[in-house]
Amino acid sequence: MMRCAGVIIGAACLLAIKAVCFGQSITSSEIISQAKALDGKDVAYNGEVIGEVMQRGSHAWINVSDGANAIGVWLPVDLAKQVSVKGDFKHTGDMVEVLGVLNRACPEHGGDLDIHAESLRIIRQGEITRCGLTKDKKDWVIKLLGVLAIIWILSLLKTR
Amino acid sequence: MILKPNLEDVKIIGFYLSKVILALGAAMALPMALSLILREFSPLADFAIGIEISLIIGLAMRRICQTDKDLRWMHGMIVVSLSWVVAMLIAAVPLYLSGYWKSFLDTCFDTMSGFATTGLTLVQDLDHMSYGHNLWRHLIMFIGGQGIVIVALSFFVKGFSGAFKMYVGEARDERILPNVIQSSRFIWLVSLVFLVLGTIALGVTGMLNGMLPFNAFFHGACIFMAAFDTGGFAPQSQSILYYHSMAYEVITVMIMILGAINFRLHYHIWTGNRKELVKNIESRALFASVLITFLIVAAGLSESGVYPHASTLFRKGFYQLISGHTGTGFQTIYAQQFLVDWNDLALVGVIIAMALGGAACSTTGAIKMIRLGIISKAFMQDVKRILLPERAMVEEKFHHIKEVFLEDKLVRPALIITLAYIILYGAGSLIGMFYGYPFLNALFESTSAAANVGLSCGITAPAMPAGLKITYIVQMWAGRLEFMSVLTLLGFFVAVIKGKR
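Top to bottom, those sequences are chains A and B. Numbered continuously in our numbering, the first sequence closes out at residue 163. Numbered continuously in our numbering, the second sequence closes out at residue 489.
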């Protein structure tokens, strides 16, 4: 049993080392499922910056999502300033690559699973998302308005 | 002999249902207005379609089912149980049109989860959702927390004798004030006052945490609604972990506890009777239960070694526990961490807390503290009966607003409802296991759904089987309404098929 666990942990460590050495990032699901093996190690993680850059003194929090989960990244304000577009309804946020130390239960941040970033690189600039009104929806609004008007008039007539 | 319901019965039910549908349509005006202000035109159209559909169905039903007859118990119960199903369908329309849910079933899962103040969600790409849709998700929780039917009636009906039947149907068997409509309005008053205070507290904290003012207050309002109504939705996919803030966690814990307190107790505290908080059986049961379940969780986490520091163990363990115990479902860990990092003992501690829930006549689900207190007292009474001489008179009483003697007529319904919840938790677990999930995972998720909690260990996901989605929808519905109105509805359908004229 112990031997089997050792092999799994060893494999996970190799995976993490390989990820950093070759610039290959790991996913959020891997980070969460292998947090024990990756705890305190350098990791590379790619994803979109979502929400806001939350500045706390000389550092800031950003949340980086790879589509499956968003991971909290703690980084110096200088690095955070590189982020110009944050993902929300009207924007696709900057795609970033974060290199830093993974903490399974960060003692500095109340046990959060987080990454303390040492470097941040913008892979792709964020952009405004086109989220305009489609013709289909516009048509449905008008058609249903017509039905509603008829029902309302009929109900008034019947009352009289 | 079962009597077949007649057309008049159907008309009475339809008439009151129409009022609920119209009220829901009116409620959609709020997120629609926000979408208009923020120039979110696609969501604006989604809410316009939602309102139009509500008005079309509501007006047509009101006209067809027009009646001046009052409700009987059966009608009240059926109106309540059907209202929750109809509300689930109507509220899902604007959300489904947003394209953030894989199917209409997934959207209905979320709207039932919202109304039942559960918090389990199947939404995809939540981090890019519009403000309008996000507000609607949280507003659904706020409405569901007060009780959909009572919300509709307290604002759209001036007063009628059938109100109490619906009030009871929505699992509120304690009147705060002599009149049900007044009781509902008091619940609204408490909720709105706390909404303002809670939003300010969370908004200011958000700004101090580095959020922009608008976002800080928007998130503050949403998080307040989800916390006070012990719902558990959040505007971001990471739940409370998104904020990385201890102050945010402390404030949400306080709001969750306020939401888990009986509204009658709120009334007594508001009117200056603060001693009631200490004397009340529910407060005492909640304190004891939190203490015991936290010891179990702490022992489990300590054994697992995931949090080597006592402060982090307390912060993570206590937050998830309070979130589970109050039936909220906020998380400051990832869902998968429950399985990867927490051991079975810690999970069992959270499951017990979720199964017990908060106070009666609050926004929480589950077995509830009053029943736990009554059953514990009855157990103690029976132990005393065995230990004392046979001729000894063993009387037990408890304090719940006033001194109450423990009688079998109180113990029996408490035991029946508790048993019903245990069966509901077990049935959901069995179905989960049928779909191939391990026992503890299936029990965790099933308890979370049936007790209207919302904590997830990862089973709830868009890819989960449709059968399990429907199971959890039924569990959330039956669990929120505490069975009686749901069973009456089933009885009504049996009467339609088998009844005699």
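Virtual Cβ for every residue (Gly too), placed ideally from N, Cα, C. Predicted, not measured: the structure shown is a model, and the values here were computed from it.
Rounded straight-line distance, which links the Cα of residue j to that of residue i
i	j	result
B:Val484	B:Val294	56 Å
A:Ala83	A:Ala120	10 Å
B:Lys(-1)	B:Arg50	9 Å
B:Met234	A:Leu116	14 Å
A:Leu41	A:Ile74	14 Å
B:Glu(-4)	B:Ile44	22 Å
B:Val73	B:Val474	11 Å
B:Gly353	B:Ala273	16 Å
A:Ser31	B:Gly446	14 Å
A:Phe25	A:Leu102	The pLDDT assigned to A:Phe25 is 42, lower than 50, so where the model puts this residue is not dependable, and the model offers no usable value.
A:Gln128	A:Ser87	8 Å
A:Cys16	A:Ser28	Confidence in A:Cys16 is poor, its pLDDT being 49 and thus under 50, which makes the residue's placement too unreliable to answer from.
A:Lys138	B:Pro19	21 Å
B:His232	A:Glu55	12 Å
B:Leu469	B:Ala341	20 Å
B:Ile245	B:Phe216	8 Å
B:Ile411	B:Met464	14 Å
B:Leu190	A:His112	19 Å
A:Val23	A:Glu33	Any reading at A:Val23 must be qualified, since the residue scores a pLDDT of 47, below 50, and its modelled position is unreliable; no value is offered.
B:Asn250	B:Pro377	38 Å
B:Pro201	B:Ile363	48 Å
A:Asn66	B:Ala17	32 Å
B:Phe306	B:Phe282	7 Å
B:Asp329	B:Gln319	14 Å
B:Ile169	B:Ser91	38 Å
B:Ala415	B:Leu456	11 Å
B:Arg262	B:Lys390	14 Å
Start and end residues, alpha helix (DSSP H) containing residue i
i	result
B:Trp124	119 to 134
A:Ser68	Careful: A:Ser68 lies outside any alpha helix (DSSP H), inside the beta strand (DSSP E) at 62 to 68.
B:Gly479	472 to 486
B:Glu40	29 to 52
B:Ala402	396 to 422
B:Asp(-3)	-5 to 15
B:Tyr255	251 to 258
B:Pro201	201 to 216
B:Asn429	427 to 438
B:Arg60	Note, B:Arg60: premise wrong, no alpha helix (DSSP H); not H, not E.
B:Arg379	No alpha helix (DSSP H) holds B:Arg379; DSSP gives it neither H nor E.
A:Ile29	From DSSP, A:Ile29 is part of no alpha helix (DSSP H); its letter is neither H nor E.
B:Met452	No alpha helix (DSSP H) contains B:Met452, which DSSP labels as neither H nor E.
B:Glu270	269 to 292
B:Tyr236	234 to 247
B:Trp176	168 to 196
B:Gly353	B:Gly353 -> no alpha helix (DSSP H), and no H or E assigned at all.
B:Arg373	357 to 375
A:Lys39	38 to 41
B:Gln324	323 to 328
Where the beta strand (DSSP E) containing residue i begins and where it ends
i	result
B:Phe318	First-last for B:Phe318: undefined, no H or E at that position.
A:Val79	Checking the displayed sequence, the identity of residue 79 of chain A turns out to be Pro instead of Val. 73 to 79 is the extent of the beta strand (DSSP E) around A:Pro79.
B:Ser393	Checking the sequence shown, residue 393 of chain B turns out to be Phe, not Ser. Unbroken beta strand (DSSP E) run through B:Phe393: 390 to 393.
Identified DSSP bridge partners for residue i
i	result
A:Leu102	A:Ala47, A:Ser122
A:Cys109	A:Asp115
B:Gly346	The partner list for B:Gly346 (beta bridge, DSSP) is empty, contrary to what the question assumes.
B:Met100	Partner(s): none; B:Met100 has no beta bridge.
A:Gln58	A:Ala63
A:Val52	A:Val67
A:Glu130	A:Thr95
B:His387	B:Glu391
A:Gly90	A:Ile53
Proximity of residue i and residue j at Cβ, strictly below 8 Å
i	j	result
B:Gly467	B:Asn440	yes
B:Asn268	B:Leu253	yes
B:Gly220	B:Thr316	yes
A:Ala108	B:Thr300	yes
B:Met213	B:Met76	no
A:Gly43	B:Lys304	no
B:Ser179	B:Gln226	no
A:Val76	A:Ser61	no
B:Asn331	B:Glu383	no
B:Thr314	B:Thr218	yes
Practice task
Would you check if there are 3 or more beta carbon pairs closer than 8 Å linking the region 199 to 212 of chain B to the region 272 to 288 of chain B?
Solution key: no
Exercise for the section: Decide if the region 359 to 373 of chain B is in contact with the region 106 to 122 of chain B; the criterion is three or more beta carbon pairs, one per stretch, under 8 Å apart. Expected result: no
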